[in-house]
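Protein chains in written order, with the working numbering: chain B, 1 to 563; chain R, 1001 to 1360.
What follows is the structure, encoded as structure tokens:
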């Protein structure tokens, strides 16, 4: 009797392992192996010469832009971290919520936001043109290195803020105080006491920011344009435009090796530091700014961060509901006005449209795909989180395997999918599923990361108490564990949903023309000439922005409910 | 299996290993209808594990559990109908007080009206009628304990098990709740097993005490039986009776034992397995102290080391024979360092077998 029970338990356990393992094997390991295999398939007679030529330029530019972006990010982020850690000021909570935005905003939205602000049809250029009666936009922002750097600073300042800021707020203020009593100037205290104590979080933040900049795709593609190809962009161009899969695979391999090295470096300095989404900056060490110098300092830093984070998004939303240019054939007597025309236009399928379907279909597709992703990643995530409870070497190995997709760039993943499932994509119906599957793979590590600690935190006694009270194993899960895990499950679901809504890298490879997702549609519309296309891109970006804002509001509410 | 119709629970020869060593080494016990058993043992003696095995939360290496003659060893936890109250209460944090108490009733799929009535009844029994909609996280330790108790009795289990339910509470609260638990258990009329390491708790609750030591139940009986006649020196010491002296039997009728304090007569009835020359342990009851040289044959002398007032009487510690320390309850106090002549009635001299390897 007893041996029978353990046998059936073993079988269940095996089956539960099998599902996430099979998922990872088929949709991660296999495509990645295909990429690596492709990279080593050298045509005869071709030395390293050609390959080096393919790799060298994008690699050099990738390292250059990533270094510059990281440096700039630290320049903005460190003062912000200091202010957040040390001072109390009105609107601090709101600012903290604002800094969550970049975690969740899709690159297309950020790119569209900067475009709406500084692009040729953006607010700044239109204002200058109107003011000085110019015929051409005076600010050349798009397709410049500056645009790429600014967007990266937008994204990654928050990482410095979180990693360094939370550590900074926990620093014992008495250390600085005692240095002051020993005769050190504030500047020397910063250089000799505070910064050395923060060395580890600063290094960790730097490595992480560098990694994100290194693998940036959407920002480069949408703001940099054809002139600026990073490894990531070059992979996409080679594979999708030139159908040169071998070069793309080689680039992917180089990219993989680089990210691996950066990740290892991060793990050395970060030692598994987990960045919480909304860290509670403990209020013990902060105080109100007193001297006017302090007030000025806090004011300037807060202003810079707010302008950086808010203006592109406000510009985007405002641009989507204002007509600033005359339509074709509407030359004389044009007045700028507020309009919902761009949103209405999403419902019409124009002949000159680049789609076979009205753009609103892209919105519907994205919602549908995101919902599927929530189901897939939560089912797999729940199983994995429970499996990770049991110890042993299998658990440790699985732990690493689960987190691997996180360190693999979306474009590499997309390339792998193309190599493995290339023919399937062409099959209507089945091809549709590749996008939600790829998105699930991207969302899965986040879901596991969120669920696993919550599952581990349930005291076994609660489950035992429930079964003693007559609850069957299923009832124990449904009535005790699930309600307790509800919050973590909601957070995971929101994450998975938002990740899918904004995913761009892998989708570029996999979306069928008749199933465009929102980011893909935004990219195509924004690349097209004409005020109407631009307006529609703005409208769709704003819809995506609203979805993200709703996600953040929900996450904040869940966080509040917990406290 | 016995045919005694009053026996409800029967636990037979339970073996359980922990970290490669036997934790329970053949434990058997039975509980009759309406009887409260107290399982008394040191922490780490396996008492909680035994409860968990009876509940079905753990599987023993060997052994059987019967309920009214039916083997329930393979019945899963949720179908056994045994209630278990956990040491740290294990209240469901996502449910309020009422829903915690109603949980077991919901599992029984009762109709709403009956469910409400039974849950409220249980809450009333622990005086928590006004707490129904409170979150369990807001409750004090004593209130949480009451919710856990109400939750356990509400579903009317056929056996109630309580695992150190008062362990985390302070003394005043303990005394108060002890009385409540006693009344509750009496009212339910089902057998109960109460696990504790606190002999006071055990004495005030138990119909029968079982002492678990070294993986076995080494003594069982009413509180009075166990206290008055500890089976060996370990039990005596565990129950707080520390006047123990090693000795050797010199005559069996009457029983006289030679100890470093002199020859002591015991009024114990003759016993078949006691023979001259046996190494034994003598227990001198703390209440058997008589000052001065009485007619008792057991005349002793000592020096007062400590005297402490404790409510009804004094606890006087004497040093006898230079190194043996004995403590007695006396009506009057003594001056410290004063030499005292006293005697012990033979009825208060017990001859215990000496556990293997035990040092006194």
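For glycine and all other residues, C-beta sits at the position ideal for the given N, C-alpha and C. Note that the structure is a prediction, hence the values are computed from the model and not measured.
Item	Value
Cβ neighbours of residue 248(B) in the same chain (closer than 7 Å, five flanking residues each side left out)	235, 238, 239 and 415
Extent of the continuous alpha helix (DSSP H) run through residue 230(B)	Note, residue 230(B): premise wrong, no alpha helix (DSSP H); not H, not E.
Cβ neighbours of residue 17(B) in the same chain (closer than 7 Å, five flanking residues each side left out)	387
Nearest neighbour of residue 1013(R), chosen from 1063(R), 1207(R), 1042(R) and 1228(R) [CA to CA]	1063(R)
C-beta neighbour in chain R for residue 248(B), strict 8 Å	no
Buried versus exposed call for residue 272(B) [16 or more other C-beta atoms within 10 Å across all chains shown]	Note that residue 272(B) scores 47 on pLDDT, short of 50, meaning its location in the model is unreliable; the coordinates nonetheless yield the value given after this. Its Cβ having fewer than 16 others within 10 Å, residue 272(B) is exposed.
Helix, strand or coil at residue 1180(R) [DSSP, three-state]	helix
Own chain residues within Cβ distance below 7 Å of residue 366(B), not counting five before or after	501, 517 and 518
Distance, residue 468(B) Cα to residue 1105(R) Cα	12 Å
Neighbour flag for residue 298(B) against chain R, beta carbons, 8 Å	no
C-alpha gap between residue 1029(R) and residue 1301(R), whole angstroms	44 Å
DSSP three-state assignment for residue 277(B), whether helix, strand or coil	Any reading at residue 277(B) needs caution, since the residue's pLDDT is 43, under 50, leaving its predicted position unreliable; the model's value is listed next. The answer is coil: DSSP assigns residue 277(B) none of H, G, I, E or B.
Contact check, residue 259(B) vs residue 152(B), beta carbons under 8 Å	no
Exposure label - residue 7(B); buried when at least 16 CB within 10 Å	exposed
Residue span of the alpha helix (DSSP H) that contains residue 979(R), given as start and end	As shown, chain R starts at 1001 and ends at 1360. That puts residue 979(R) outside it, with no answer to give.
Opening and closing residue of the alpha helix (DSSP H) in which residue 1127(R) lies	No alpha helix (DSSP H) holds residue 1127(R); DSSP gives it neither H nor E.
Selection from 1179(R), 1160(R), 1059(R) and 1206(R) that minimises the alpha carbon distance to residue 1190(R)	1160(R)
Alpha-carbon to alpha-carbon, residue 465(B) and residue 1358(R)	Its pLDDT being 45, under 50, residue 1358(R) is placed unreliably by the model, and the measurement read from it follows with that caveat. Computed Cα separation, rounded: 39 Å.
Unbroken stretches of the beta strand (DSSP E), 3 residues or longer, contained in the stretch 1220–1262 of chain R	1244–1251 and 1255–1259
Cutoff 8 Å: residue 469(B) Cβ touching any chain R Cβ	yes
Under 8 Å between C-beta atoms of residue 447(B) and residue 378(B)	yes
In DSSP terms, what residue 261(B) is bridged to	Residue 261(B) is not bridged to any residue.
Three-state secondary structure (DSSP) of residue 23(B)	helix
Burial state of residue 1263(R), where buried means 16 or more other Cβ atoms lie within 10 Å	exposed
Distance between residue 1016(R) and residue 1243(R) (C-alpha atoms, nearest Å)	34 Å
Top-ranked residue by Cα proximity to residue 312(B), from 476(B), 113(B) and 380(B)	113(B)
Residues near residue 1226(R) in its chain [Cβ-Cβ closer than 8 Å; skip 5 each side]	1209, 1211, 1219, 1220, 1235 and 1239
Test: residue 464(B) CB closer than 8 Å to a CB of chain A	Here chain A cannot be found, since the structure's protein chains are B and R.
Test: residue 201(B) CB closer than 8 Å to a CB of chain R	no
Residues, ordered as in the chain, of the stretch 1043–1068 of chain R that lie near chain B by beta-carbon distance below 7 Å	1055, 1057 and 1059
Sub-8 Å separation of residue 164(B) and residue 293(B) beta-carbons	no
Selection of the stretch 1008–1023 of chain R by Cβ proximity to chain B, strictly under 8 Å	none
Whole-angstrom distance between residue 1109(R) and residue 99(B), CA atom to CA atom	49 Å
Contact set for residue 1303(R): own chain, Cβ-Cβ below 6 Å, skip 5 residues either direction	1319 and 1339
Buried or exposed by the 16-neighbour rule on C-beta atoms within 10 Å, applied to residue 390(B)	exposed
The stretch 1108–1122 of chain R in contact with the stretch 1072–1082 of chain R per 3-pair CB rule at 8 Å	no
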